[in-house]
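Quick note: to get my numbering, add 4 to the position in the sequence shown (first position is 1).
Using N, Cα and C, we set each Cβ at its ideal position, and we do this for glycine too.
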Amino acid sequence: MPLAAAAGRLLCARRCGSLLRRRAPLAVCLRAVSGGDDSRRPPPDGLPREPPALTVPLKKAAPTAEPTRSQLRSQPSSRDRARRDRNLITAVRAMEEYLMKSGDLEPLGSTQRRSPFENEPPIRVYFRAEVEQQAIKKWGSLERLEAEKRKREHIQLAHQQALFSVKKVLKDYRRGQREKPYYTQVEEESLRGSSHVVLTAVGINAINALGKGVAFAVTGSSSLFAETLHSLADTANQVILAVGIHKSAQRANLDHPYGYSNVRHVASLISGVGIFCLGSGVAFFHGFHALYDPAPLGDFLVGYCVLAAALVSESVTLALAARNIRRNSRRQGFTFWQYVRQGRDPSVNVVLLEDMAAVLGVFVAGSSMALSAATGSMVYDACGSMVIGGLLGTVATFIIVTNAHALVGQSIRQEELERINLRLEEDIMIRGIHDVKGIDMGNGLVRYKAEVDFDGRELTKKYLKSQNLESLAAEAARLDGSEAVEQYLLRHGEAIVDMMGAEIDRIESDLRKAFPQIRHIDLEIL
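What follows is the structure, given as C-alpha coordinates:
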(Lines of atoms letter the chains of each structure in order from A; the text may use other names.)
(Lines give C-alpha, C1' and ligand atoms only; values in the text may rest on other atoms or scores of the structure.)
Protein backbone atom coordinates (compact mmCIF):
# COMPACT_ATOMS: atom_id res chain seq x y z
CA MET A 5 0.00 0.00 0.00
CA PRO A 6 2.71 2.57 0.75
CA LEU A 7 4.33 1.77 -2.59
CA ALA A 8 0.99 2.20 -4.42
CA ALA A 9 0.33 5.53 -2.64
CA ALA A 10 3.76 6.83 -3.59
CA ALA A 11 3.20 5.81 -7.22
CA GLY A 12 -0.17 7.56 -7.23
CA ARG A 13 1.33 10.78 -5.89
CA LEU A 14 4.12 10.66 -8.51
CA LEU A 15 1.55 10.22 -11.29
CA CYS A 16 -0.50 13.20 -9.99
CA ALA A 17 2.60 15.41 -9.78
CA ARG A 18 3.52 14.60 -13.39
CA ARG A 19 -0.05 15.36 -14.51
CA CYS A 20 -0.02 18.73 -12.68
CA GLY A 21 3.35 19.63 -14.16
CA SER A 22 2.10 19.00 -17.67
CA LEU A 23 -1.01 21.09 -17.00
CA LEU A 24 1.06 24.00 -15.66
CA ARG A 25 3.29 23.92 -18.76
CA ARG A 26 0.13 24.33 -20.84
CA ARG A 27 -0.90 27.30 -18.57
CA ALA A 28 -3.97 25.54 -17.21
CA PRO A 29 -5.92 27.24 -14.35
CA LEU A 30 -4.71 26.60 -10.83
CA ALA A 31 -8.05 25.01 -9.85
CA VAL A 32 -7.59 22.35 -12.56
CA CYS A 33 -4.10 21.57 -11.28
CA LEU A 34 -5.34 21.21 -7.71
CA ARG A 35 -8.15 18.98 -8.86
CA ALA A 36 -5.61 16.83 -10.70
CA VAL A 37 -3.44 16.57 -7.57
CA SER A 38 -6.39 15.68 -5.36
CA GLY A 39 -7.43 13.00 -7.74
CA GLY A 40 -10.48 14.46 -9.45
CA ASP A 41 -13.54 16.57 -8.67
CA ASP A 42 -13.83 17.41 -4.96
CA SER A 43 -17.56 17.75 -5.24
CA ARG A 44 -17.89 14.03 -5.95
CA ARG A 45 -15.73 12.99 -2.98
CA PRO A 46 -17.73 12.21 0.18
CA PRO A 47 -17.22 14.65 3.06
CA PRO A 48 -15.73 13.57 6.39
CA ASP A 49 -18.02 12.07 8.93
CA GLY A 50 -20.31 14.55 10.70
CA LEU A 51 -19.87 17.44 8.23
CA PRO A 52 -22.43 18.49 5.64
CA ARG A 53 -21.59 18.56 2.00
CA GLU A 54 -20.59 22.07 0.76
CA PRO A 55 -22.36 23.24 -2.40
CA PRO A 56 -20.15 23.26 -5.46
CA ALA A 57 -18.63 26.63 -6.25
CA LEU A 58 -20.04 28.48 -9.20
CA THR A 59 -17.56 28.88 -12.01
CA VAL A 60 -17.92 32.17 -13.86
CA PRO A 61 -15.85 32.76 -16.98
CA LEU A 62 -13.42 35.60 -16.46
CA LYS A 63 -13.76 38.64 -18.68
CA LYS A 64 -11.31 41.36 -19.33
CA ALA A 65 -12.05 44.27 -17.01
CA ALA A 66 -13.37 47.32 -18.82
CA PRO A 67 -11.66 50.64 -18.10
CA THR A 68 -13.58 52.51 -15.39
CA ALA A 69 -14.02 56.26 -15.23
CA GLU A 70 -12.56 58.32 -12.40
CA PRO A 71 -15.02 58.23 -9.45
CA THR A 72 -16.84 61.45 -8.77
CA ARG A 73 -16.83 63.23 -5.42
CA SER A 74 -20.37 62.07 -4.65
CA GLN A 75 -19.40 58.44 -5.44
CA LEU A 76 -16.41 58.67 -3.14
CA ARG A 77 -18.62 60.10 -0.44
CA SER A 78 -21.28 57.43 -0.92
CA GLN A 79 -18.71 54.56 -1.04
CA PRO A 80 -16.42 55.02 1.98
CA SER A 81 -13.77 52.53 2.99
CA SER A 82 -14.62 49.68 5.34
CA ARG A 83 -12.96 51.42 8.27
CA ASP A 84 -14.73 54.72 7.59
CA ARG A 85 -18.03 52.90 7.14
CA ALA A 86 -17.60 51.16 10.48
CA ARG A 87 -17.02 54.50 12.12
CA ARG A 88 -19.93 56.15 10.35
CA ASP A 89 -22.35 53.34 11.17
CA ARG A 90 -22.23 54.18 14.86
CA ASN A 91 -22.72 57.93 14.23
CA LEU A 92 -25.96 59.63 15.20
CA ILE A 93 -27.72 62.21 13.04
CA THR A 94 -30.77 64.36 13.58
CA ALA A 95 -34.00 64.11 11.62
CA VAL A 96 -33.15 67.33 9.79
CA ARG A 97 -29.83 65.93 8.58
CA ALA A 98 -31.51 62.67 7.58
CA MET A 99 -34.00 64.62 5.49
CA GLU A 100 -31.28 66.78 3.93
CA GLU A 101 -28.62 64.15 3.25
CA TYR A 102 -30.83 61.15 2.42
CA LEU A 103 -34.00 62.93 1.18
CA MET A 104 -36.11 61.21 3.79
CA LYS A 105 -39.51 62.26 5.09
CA SER A 106 -40.78 62.14 8.64
CA GLY A 107 -42.86 59.07 7.82
CA ASP A 108 -39.76 57.25 6.54
CA LEU A 109 -38.04 57.71 9.90
CA GLU A 110 -40.87 56.42 12.08
CA PRO A 111 -39.96 52.68 11.76
CA LEU A 112 -36.34 53.38 12.72
CA GLY A 113 -34.97 53.18 16.20
CA SER A 114 -34.08 56.48 17.83
CA THR A 115 -32.65 57.86 21.04
CA GLN A 116 -32.46 61.22 22.81
CA ARG A 117 -29.28 63.20 23.25
CA ARG A 118 -28.46 66.45 25.03
CA SER A 119 -29.23 69.51 22.91
CA PRO A 120 -26.23 71.65 21.84
CA PHE A 121 -28.36 74.78 22.28
CA GLU A 122 -28.89 76.52 25.58
CA ASN A 123 -32.22 76.05 27.40
CA GLU A 124 -33.47 73.63 24.74
CA PRO A 125 -35.01 70.15 25.34
CA PRO A 126 -33.12 66.99 24.30
CA ILE A 127 -33.00 66.24 20.60
CA ARG A 128 -34.01 62.96 18.93
CA VAL A 129 -31.31 61.30 16.84
CA TYR A 130 -31.08 58.21 14.60
CA PHE A 131 -28.28 55.80 13.73
CA ARG A 132 -26.74 56.74 10.40
CA ALA A 133 -26.46 53.11 9.31
CA GLU A 134 -30.19 52.52 9.76
CA VAL A 135 -31.06 55.77 7.97
CA GLU A 136 -28.78 54.81 5.10
CA GLN A 137 -30.39 51.38 4.77
CA GLN A 138 -33.82 53.00 4.78
CA ALA A 139 -32.68 55.42 2.08
CA ILE A 140 -31.40 52.52 -0.08
CA LYS A 141 -34.75 50.78 0.39
CA LYS A 142 -36.55 53.96 -0.69
CA TRP A 143 -34.36 55.05 -3.62
CA GLY A 144 -32.94 51.73 -4.76
CA SER A 145 -29.26 52.61 -4.34
CA LEU A 146 -26.99 55.39 -3.14
CA GLU A 147 -26.19 56.31 -6.75
CA ARG A 148 -29.87 56.98 -7.45
CA LEU A 149 -30.03 59.00 -4.26
CA GLU A 150 -27.12 61.19 -5.39
CA ALA A 151 -28.74 61.64 -8.80
CA GLU A 152 -31.99 62.73 -7.15
CA LYS A 153 -30.11 65.18 -4.92
CA ARG A 154 -28.37 66.75 -7.91
CA LYS A 155 -31.71 67.01 -9.70
CA ARG A 156 -33.30 68.72 -6.74
CA GLU A 157 -30.35 71.08 -6.35
CA HIS A 158 -30.77 72.24 -9.94
CA ILE A 159 -34.50 72.75 -9.41
CA GLN A 160 -33.91 74.65 -6.18
CA LEU A 161 -31.26 76.85 -7.77
CA ALA A 162 -33.60 77.75 -10.61
CA HIS A 163 -36.36 78.49 -8.12
CA GLN A 164 -34.10 80.71 -6.05
CA GLN A 165 -32.99 82.65 -9.08
CA ALA A 166 -36.60 83.22 -10.12
CA LEU A 167 -38.00 84.17 -6.70
CA PHE A 168 -34.94 85.56 -4.99
CA SER A 169 -35.67 88.89 -3.38
CA VAL A 170 -39.23 89.40 -2.18
CA LYS A 171 -40.01 85.91 -0.91
CA LYS A 172 -36.76 85.66 1.03
CA VAL A 173 -37.43 88.93 2.79
CA LEU A 174 -40.98 87.89 3.69
CA LYS A 175 -39.84 84.48 4.86
CA ASP A 176 -37.11 85.94 7.08
CA TYR A 177 -39.58 88.44 8.48
CA ARG A 178 -42.14 85.79 9.39
CA ARG A 179 -39.45 83.62 10.90
CA GLY A 180 -38.13 86.55 12.91
CA GLN A 181 -41.61 87.21 14.27
CA ARG A 182 -41.82 83.68 15.64
CA GLU A 183 -38.34 83.60 17.17
CA LYS A 184 -37.59 84.77 20.66
CA PRO A 185 -35.93 88.23 20.97
CA TYR A 186 -32.18 88.26 20.47
CA TYR A 187 -31.57 91.08 22.92
CA THR A 188 -32.48 91.24 26.57
CA GLN A 189 -34.65 94.01 27.97
CA VAL A 190 -31.62 96.00 29.17
CA GLU A 191 -29.96 95.79 25.75
CA GLU A 192 -33.17 96.81 23.99
CA GLU A 193 -33.49 99.84 26.28
CA SER A 194 -29.89 100.82 25.47
CA LEU A 195 -30.47 100.52 21.72
CA ARG A 196 -33.76 102.41 21.98
CA GLY A 197 -32.07 105.23 23.91
CA SER A 198 -29.22 105.46 21.40
CA SER A 199 -31.64 105.49 18.49
CA HIS A 200 -33.72 108.24 20.09
CA VAL A 201 -30.66 110.44 20.65
CA VAL A 202 -29.36 109.94 17.10
CA LEU A 203 -32.69 110.55 15.35
CA THR A 204 -33.26 113.71 17.42
CA ALA A 205 -29.80 114.94 16.45
CA VAL A 206 -30.53 114.24 12.75
CA GLY A 207 -33.62 116.45 12.78
CA ILE A 208 -32.05 119.31 14.74
CA ASN A 209 -28.82 119.35 12.71
CA ALA A 210 -30.75 119.35 9.44
CA ILE A 211 -32.72 122.44 10.56
CA ASN A 212 -29.52 124.10 11.79
CA ALA A 213 -27.73 123.40 8.50
CA LEU A 214 -30.57 125.03 6.58
CA GLY A 215 -30.65 128.11 8.84
CA LYS A 216 -26.86 128.55 8.82
CA GLY A 217 -26.79 128.21 5.04
CA VAL A 218 -29.35 131.01 4.69
CA ALA A 219 -27.41 133.16 7.15
CA PHE A 220 -24.15 132.58 5.23
CA ALA A 221 -25.84 133.58 1.97
CA VAL A 222 -26.97 136.83 3.60
CA THR A 223 -23.79 137.73 5.54
CA GLY A 224 -20.98 136.05 3.56
CA SER A 225 -19.29 135.10 6.86
CA SER A 226 -16.58 132.42 6.64
CA SER A 227 -17.38 131.30 10.17
CA LEU A 228 -21.02 130.79 9.22
CA PHE A 229 -19.89 128.86 6.14
CA ALA A 230 -17.79 126.58 8.38
CA GLU A 231 -20.75 126.12 10.70
CA THR A 232 -22.99 125.29 7.74
CA LEU A 233 -20.54 122.60 6.65
CA HIS A 234 -20.34 121.43 10.24
CA SER A 235 -24.10 120.94 10.51
CA LEU A 236 -24.32 119.28 7.08
CA ALA A 237 -21.57 116.84 7.99
CA ASP A 238 -23.24 116.11 11.34
CA THR A 239 -26.56 115.43 9.63
CA ALA A 240 -25.05 113.03 7.08
CA ASN A 241 -22.96 111.24 9.70
CA GLN A 242 -25.86 110.80 12.08
CA VAL A 243 -27.94 109.29 9.30
CA ILE A 244 -25.12 106.75 8.92
CA LEU A 245 -25.20 106.16 12.69
CA ALA A 246 -28.95 105.53 12.59
CA VAL A 247 -28.44 102.94 9.86
CA GLY A 248 -25.68 101.34 11.95
CA ILE A 249 -27.94 101.11 15.02
CA HIS A 250 -30.69 99.49 12.97
CA LYS A 251 -28.24 97.00 11.44
CA SER A 252 -26.64 96.11 14.79
CA ALA A 253 -30.03 95.03 16.17
CA GLN A 254 -30.28 92.17 13.65
CA ARG A 255 -30.09 88.63 14.94
CA ALA A 256 -27.12 86.37 14.37
CA ASN A 257 -27.27 84.06 11.35
CA LEU A 258 -25.08 81.51 9.58
CA ASP A 259 -23.01 84.19 7.86
CA HIS A 260 -22.51 86.21 11.05
CA PRO A 261 -22.80 83.78 13.98
CA TYR A 262 -21.79 86.42 16.54
CA GLY A 263 -24.30 89.00 15.34
CA TYR A 264 -23.95 92.51 13.94
CA SER A 265 -23.13 94.48 17.09
CA ASN A 266 -19.85 95.81 15.63
CA VAL A 267 -21.72 97.53 12.80
CA ARG A 268 -22.18 100.52 15.12
CA HIS A 269 -18.42 100.89 15.37
CA VAL A 270 -18.13 100.67 11.59
CA ALA A 271 -20.77 103.39 11.16
CA SER A 272 -19.04 105.59 13.75
CA LEU A 273 -15.70 105.09 12.00
CA ILE A 274 -17.25 106.20 8.70
CA SER A 275 -18.73 109.22 10.52
CA GLY A 276 -15.33 110.13 11.91
CA VAL A 277 -13.77 110.02 8.46
CA GLY A 278 -16.64 112.12 7.09
CA ILE A 279 -16.25 114.74 9.81
CA PHE A 280 -12.52 114.93 9.18
CA CYS A 281 -12.81 115.30 5.40
CA LEU A 282 -16.06 117.20 4.85
CA GLY A 283 -16.08 119.25 8.04
CA SER A 284 -12.52 119.93 9.10
CA GLY A 285 -10.86 119.91 5.68
CA VAL A 286 -13.36 122.20 3.93
CA ALA A 287 -13.52 124.59 6.91
CA PHE A 288 -9.72 124.93 6.92
CA PHE A 289 -9.66 125.46 3.17
CA HIS A 290 -12.36 128.15 3.28
CA GLY A 291 -10.61 129.92 6.18
CA PHE A 292 -7.31 130.09 4.30
CA HIS A 293 -9.13 131.24 1.19
CA ALA A 294 -10.86 134.01 3.17
CA LEU A 295 -7.49 135.22 4.48
CA TYR A 296 -6.12 135.74 0.96
CA ASP A 297 -9.36 136.92 -0.60
CA PRO A 298 -11.56 138.41 2.14
CA ALA A 299 -15.23 139.04 1.38
CA PRO A 300 -16.87 142.38 2.15
CA LEU A 301 -18.58 142.80 5.50
CA GLY A 302 -22.32 142.17 5.57
CA ASP A 303 -25.14 142.51 8.06
CA PHE A 304 -24.38 140.04 10.84
CA LEU A 305 -27.74 140.43 12.61
CA VAL A 306 -29.25 137.44 10.79
CA GLY A 307 -26.15 135.41 11.63
CA TYR A 308 -26.42 136.25 15.33
CA CYS A 309 -30.05 135.15 15.42
CA VAL A 310 -29.32 131.88 13.65
CA LEU A 311 -26.36 131.16 15.94
CA ALA A 312 -28.49 131.82 19.02
CA ALA A 313 -31.14 129.37 17.80
CA ALA A 314 -28.44 126.83 16.93
CA LEU A 315 -26.92 127.18 20.40
CA VAL A 316 -30.25 126.30 22.03
CA SER A 317 -30.96 123.34 19.74
CA GLU A 318 -27.42 121.93 19.94
CA SER A 319 -27.56 122.21 23.74
CA VAL A 320 -30.75 120.10 23.74
CA THR A 321 -29.15 117.22 21.79
CA LEU A 322 -25.98 117.56 23.89
CA ALA A 323 -28.04 117.16 27.07
CA LEU A 324 -29.88 114.13 25.64
CA ALA A 325 -26.59 112.43 24.69
CA ALA A 326 -25.01 113.21 28.07
CA ARG A 327 -28.02 111.83 29.96
CA ASN A 328 -27.99 108.62 27.91
CA ILE A 329 -24.26 108.09 28.46
CA ARG A 330 -24.57 108.79 32.18
CA ARG A 331 -27.36 106.23 32.57
CA ASN A 332 -25.54 103.51 30.59
CA SER A 333 -22.17 104.15 32.26
CA ARG A 334 -23.71 103.71 35.72
CA ARG A 335 -25.43 100.53 34.60
CA GLN A 336 -22.14 99.03 33.36
CA GLY A 337 -19.98 100.29 36.22
CA PHE A 338 -18.00 103.00 34.38
CA THR A 339 -17.44 106.65 35.07
CA PHE A 340 -18.80 109.10 32.51
CA TRP A 341 -15.47 109.79 30.77
CA GLN A 342 -14.30 106.16 30.96
CA TYR A 343 -17.43 105.21 29.06
CA VAL A 344 -16.72 107.89 26.45
CA ARG A 345 -13.00 107.15 26.07
CA GLN A 346 -13.50 103.43 25.58
CA GLY A 347 -16.25 103.94 23.00
CA ARG A 348 -18.79 101.69 24.76
CA ASP A 349 -21.69 103.35 22.92
CA PRO A 350 -20.12 104.66 19.71
CA SER A 351 -23.28 106.18 18.24
CA VAL A 352 -24.10 108.32 21.26
CA ASN A 353 -20.42 109.18 21.69
CA VAL A 354 -20.35 110.65 18.18
CA VAL A 355 -23.46 112.72 18.90
CA LEU A 356 -22.01 113.91 22.22
CA LEU A 357 -18.67 114.95 20.74
CA GLU A 358 -20.23 116.52 17.65
CA ASP A 359 -22.62 118.57 19.78
CA MET A 360 -19.80 119.65 22.09
CA ALA A 361 -17.86 120.80 19.04
CA ALA A 362 -21.03 122.44 17.69
CA VAL A 363 -21.64 124.43 20.90
CA LEU A 364 -18.02 125.56 21.00
CA GLY A 365 -18.23 126.31 17.28
CA VAL A 366 -21.25 128.56 17.83
CA PHE A 367 -19.30 130.57 20.42
CA VAL A 368 -16.25 130.72 18.13
CA ALA A 369 -18.35 131.82 15.14
CA GLY A 370 -20.23 134.45 17.15
CA SER A 371 -17.00 135.84 18.67
CA SER A 372 -15.27 135.95 15.27
CA MET A 373 -18.20 137.75 13.66
CA ALA A 374 -18.35 140.24 16.53
CA LEU A 375 -14.60 140.99 16.26
CA SER A 376 -14.85 141.39 12.50
CA ALA A 377 -17.84 143.73 12.87
CA ALA A 378 -16.02 145.78 15.55
CA THR A 379 -12.70 146.09 13.69
CA GLY A 380 -13.93 146.01 10.11
CA SER A 381 -11.46 143.23 9.28
CA MET A 382 -12.53 139.82 7.99
CA VAL A 383 -9.32 138.24 9.29
CA TYR A 384 -10.99 137.34 12.58
CA ASP A 385 -13.87 135.72 10.73
CA ALA A 386 -11.44 133.67 8.59
CA CYS A 387 -9.49 132.62 11.68
CA GLY A 388 -12.79 131.56 13.30
CA SER A 389 -13.43 129.24 10.34
CA MET A 390 -10.02 127.61 10.81
CA VAL A 391 -10.57 127.22 14.57
CA ILE A 392 -13.87 125.46 13.89
CA GLY A 393 -12.03 123.23 11.41
CA GLY A 394 -9.51 122.38 14.12
CA LEU A 395 -12.31 121.47 16.54
CA LEU A 396 -13.86 119.16 13.98
CA GLY A 397 -10.49 117.57 13.20
CA THR A 398 -9.88 116.86 16.90
CA VAL A 399 -13.30 115.28 17.35
CA ALA A 400 -12.91 113.21 14.17
CA THR A 401 -9.49 111.91 15.24
CA PHE A 402 -10.85 110.83 18.63
CA ILE A 403 -13.80 109.04 17.01
CA ILE A 404 -11.59 107.25 14.49
CA VAL A 405 -9.07 106.07 17.11
CA THR A 406 -11.63 104.79 19.65
CA ASN A 407 -13.69 102.90 17.08
CA ALA A 408 -10.61 101.43 15.40
CA HIS A 409 -9.57 99.99 18.80
CA ALA A 410 -13.05 98.56 19.30
CA LEU A 411 -13.09 96.91 15.87
CA VAL A 412 -9.68 95.31 16.37
CA GLY A 413 -11.00 93.59 19.50
CA GLN A 414 -11.02 95.51 22.75
CA SER A 415 -10.78 93.67 26.03
CA ILE A 416 -13.25 94.23 28.81
CA ARG A 417 -12.10 95.87 32.04
CA GLN A 418 -9.66 93.83 34.09
CA GLU A 419 -11.87 94.12 37.20
CA GLU A 420 -14.84 92.70 35.33
CA LEU A 421 -12.73 89.88 33.86
CA GLU A 422 -11.40 88.97 37.31
CA ARG A 423 -14.93 88.80 38.73
CA ILE A 424 -15.96 86.39 35.96
CA ASN A 425 -12.83 84.27 36.52
CA LEU A 426 -13.45 84.14 40.27
CA ARG A 427 -17.02 83.00 39.78
CA LEU A 428 -15.87 80.28 37.38
CA GLU A 429 -13.10 79.03 39.70
CA GLU A 430 -15.55 78.77 42.62
CA ASP A 431 -17.36 75.93 40.85
CA ILE A 432 -16.52 72.55 42.36
CA MET A 433 -15.98 70.96 38.93
CA ILE A 434 -13.28 73.47 37.93
CA ARG A 435 -9.73 72.74 39.01
CA GLY A 436 -8.20 75.70 37.17
CA ILE A 437 -8.66 78.08 34.22
CA HIS A 438 -6.07 79.21 31.67
CA ASP A 439 -5.78 81.44 28.59
CA VAL A 440 -8.73 83.61 29.58
CA LYS A 441 -10.06 86.26 27.16
CA GLY A 442 -12.96 88.68 27.55
CA ILE A 443 -13.74 90.65 24.39
CA ASP A 444 -16.13 93.58 24.14
CA MET A 445 -18.49 92.86 21.23
CA GLY A 446 -20.25 96.23 21.34
CA ASN A 447 -23.74 97.10 22.56
CA GLY A 448 -22.59 96.16 26.06
CA LEU A 449 -22.08 92.50 25.06
CA VAL A 450 -19.12 90.33 26.04
CA ARG A 451 -17.57 87.22 24.53
CA TYR A 452 -15.79 85.11 27.15
CA LYS A 453 -13.31 82.32 26.39
CA ALA A 454 -11.30 80.14 28.78
CA GLU A 455 -9.49 76.79 28.79
CA VAL A 456 -10.83 74.79 31.75
CA ASP A 457 -9.09 72.05 33.76
CA PHE A 458 -11.98 69.80 34.79
CA ASP A 459 -11.81 67.85 38.05
CA GLY A 460 -12.30 64.26 36.91
CA ARG A 461 -12.70 62.88 40.43
CA GLU A 462 -15.53 65.29 41.27
CA LEU A 463 -17.21 64.52 37.97
CA THR A 464 -16.98 60.78 38.62
CA LYS A 465 -18.27 61.24 42.18
CA LYS A 466 -21.32 63.07 40.90
CA TYR A 467 -21.95 60.33 38.35
CA LEU A 468 -21.67 57.63 40.98
CA LYS A 469 -24.14 59.48 43.21
CA SER A 470 -26.67 59.26 40.41
CA GLN A 471 -26.19 55.48 40.20
CA ASN A 472 -27.07 52.56 42.48
CA LEU A 473 -23.68 51.40 43.72
CA GLU A 474 -24.97 47.99 44.83
CA SER A 475 -26.35 47.33 41.37
CA LEU A 476 -23.06 48.45 39.82
CA ALA A 477 -21.10 46.13 42.10
CA ALA A 478 -23.38 43.19 41.34
CA GLU A 479 -23.16 43.85 37.61
CA ALA A 480 -19.37 44.07 37.82
CA ALA A 481 -19.20 40.78 39.70
CA ARG A 482 -21.13 39.04 36.94
CA LEU A 483 -18.72 40.19 34.22
CA ASP A 484 -17.17 37.26 32.39
CA GLY A 485 -14.44 37.84 29.85
CA SER A 486 -12.73 40.89 28.41
CA GLU A 487 -15.55 41.68 25.98
CA ALA A 488 -18.09 42.03 28.79
CA VAL A 489 -15.70 44.22 30.76
CA GLU A 490 -15.14 46.39 27.69
CA GLN A 491 -18.88 46.89 27.11
CA TYR A 492 -19.37 47.69 30.80
CA LEU A 493 -16.66 50.34 30.80
CA LEU A 494 -17.78 51.81 27.47
CA ARG A 495 -21.34 52.26 28.68
CA HIS A 496 -20.34 54.06 31.87
CA GLY A 497 -17.58 56.04 30.15
CA GLU A 498 -20.05 57.38 27.63
CA ALA A 499 -22.42 58.34 30.44
CA ILE A 500 -19.65 60.24 32.23
CA VAL A 501 -18.81 62.17 29.04
CA ASP A 502 -22.49 63.08 28.70
CA MET A 503 -22.49 64.28 32.28
CA MET A 504 -19.45 66.47 31.52
CA GLY A 505 -21.40 68.13 28.72
CA ALA A 506 -24.33 68.71 31.06
CA GLU A 507 -21.98 70.24 33.65
CA ILE A 508 -20.53 72.60 31.06
CA ASP A 509 -24.06 73.70 30.16
CA ARG A 510 -24.80 74.30 33.84
CA ILE A 511 -21.62 76.34 34.34
CA GLU A 512 -22.36 78.49 31.29
CA SER A 513 -25.92 79.06 32.47
CA ASP A 514 -24.70 80.11 35.93
CA LEU A 515 -22.22 82.54 34.38
CA ARG A 516 -24.92 84.14 32.22
CA LYS A 517 -27.21 84.56 35.21
CA ALA A 518 -24.43 86.21 37.23
CA PHE A 519 -23.18 88.33 34.30
CA PRO A 520 -26.04 89.08 31.85
CA GLN A 521 -23.71 91.02 29.56
CA ILE A 522 -21.98 87.78 28.49
CA ARG A 523 -23.46 86.81 25.14
CA HIS A 524 -21.10 83.97 24.06
CA ILE A 525 -19.12 81.60 26.30
CA ASP A 526 -16.42 79.29 24.91
CA LEU A 527 -15.11 76.79 27.47
CA GLU A 528 -12.42 74.44 26.16
CA ILE A 529 -11.54 71.33 28.17
CA LEU A 530 -7.82 70.82 28.80
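query = How would you label V267, buried or exposed, when you count the other beta carbons within 10 angstroms and need 16 or more for buried?
reply = buried
task = Identify the continuous beta strand (DSSP E) that holds D526 and give its terminal residues.
result = 522–529
ask   = With a CB to CB cut of under 7 angstroms and the five nearest residues on each side skipped, what residues in its chain are close to T462?
value = The sequence shown places Glu at residue 462, not Thr. Result list for E462: I432, M433, in chain order.
request  = Output yes or no for whether 8 angstroms exceeds the beta carbon distance between G283 and A237.
outcome  = yes
request  = Identify which residue in L530, I525, I529 has its Cα closest to the Cα of F121.
outcome  = I525
request  = With a 10 Å radius around its C-beta and 16 neighbouring C-beta atoms as the bar for buried, classify P350 as buried or exposed.
outcome  = buried
query = Which class does F367 belong to by DSSP, given the choice of helix, strand or coil?
reply = In the structure shown, F367 sits in a helix (DSSP, three-state: H, G or I).
request  = Just confirm the distance between the C-beta atoms of S198 and I274, as a whole number of angstroms; I'd bet it's less than 8 angstroms.
outcome  = Rounded to whole angstroms, the Cβ separation of S198 and I274 is 16 angstroms, and the two are not in contact under 8 angstroms.
request  = Check whether the Cβ atoms of E358 and V456 lie closer than 8 angstroms to each other.
outcome  = no
task = Verify the contact flag: D108, CB atom, against every heavy atom of the ligand SAM, threshold strictly below 7 angstroms.
result = Ligands displayed in this structure: none; no statement on the ligand SAM is therefore possible.
inquiry  = Restricting to Cα atoms, I'd like to know which of M503, A518, Q137 is closest to L1.
reply    = Limits of the chain in this structure are 5 at one end and 530 at the other, which puts residue 1 out of reach.
request  = Compare the beta carbon distance of S235 and A386 with 8 angstroms and say whether it is the shorter of the two.
outcome  = no
ask   = Between which two residues does the alpha helix (DSSP H) containing I1 stretch?
value = Because the chain in this structure spans residues 5 to 530, residue 1 falls outside the shown range and cannot be described.
query = So what's R435 in DSSP terms, helix, strand or just coil?
reply = strand
query = If you draw a straight line from the alpha carbon of K337 to that of E419, how long is it in whole angstroms?
reply = For clarity, residue 337 is Gly in the given sequence; the question names Lys instead. Cα to Cα, G337 sits roughly 10 angstroms from E419.
task = Report the partner residues of R128 according to the DSSP bridge assignment.
result = Q116
message = For a quick check, are the C-beta atoms of N407 and G276 less than 8 angstroms apart?
response = The Cβ-Cβ distance between N407 and G276 falls below 8 angstroms.
request  = With DSSP as the reference, please indicate the residues paired to K441 in a beta bridge.
outcome  = K453
request  = Report the rounded CA-to-CA distance for I443 versus V412, giving the unit in angstroms.
outcome  = Rounded to whole angstroms, I443 to V412 spans 10 angstroms at the Cα level.
request  = Check the C-beta distance from F288 over to M390 and give it rounded, since I have them as a contact under 8 angstroms.
outcome  = That belief holds up - the Cβ atoms of F288 and M390 are roughly 6 angstroms apart, short of 8 angstroms.
key: N257 versus Y264: straight-line alpha-carbon distance, rounded   = 9 angstroms
key: Exposure of E490, with buried meaning 16 or more beta-carbon neighbours within 10 Å   = exposed
query = Between the beta-carbon of L228 and the beta-carbon of A219, is there less than 8 angstroms?
reply = yes
inquiry  = Looking at R128: is its Cβ nearer than 8 angstroms to the Cβ of S119?
reply    = no
ask   = Apart from the five residues just before and just after C281, which ones in its own chain have a Cβ nearer than 6 angstroms to its Cβ?
value = Hits under 6 angstroms: none found.
message = Alpha carbons only, please: which of A240, G365, S272, E231 is nearest the one belonging to K251?
response = S272
key: Cβ neighbour criterion (16 or more within 10 Å) applied to I159   = exposed
request  = Could you check the C-alpha separation between E231 and P125 for me, to the nearest Å?
outcome  = 60 angstroms
inquiry  = Under DSSP, the alpha helix (DSSP H) around I508 begins and ends at which residues?
reply    = Start and end: 486–518.
query = When the Cα of T321 is compared with those of K453, I208, A478, Q137, which residue comes out closest?
reply = I208
ask   = So what does S415 bridge to, in DSSP terms?
value = I443
request  = Could you name the residues of the same chain whose beta carbon sits closer than 6 angstroms to that of G217, not counting the 5 residues immediately before and after it, in chain order?
outcome  = T232
query = Could you give the residue range of the beta strand (DSSP E) that holds T533?
reply = Outside the modelled stretch of the chain, which goes from 5 to 530, sits residue 533, for which no answer is possible.
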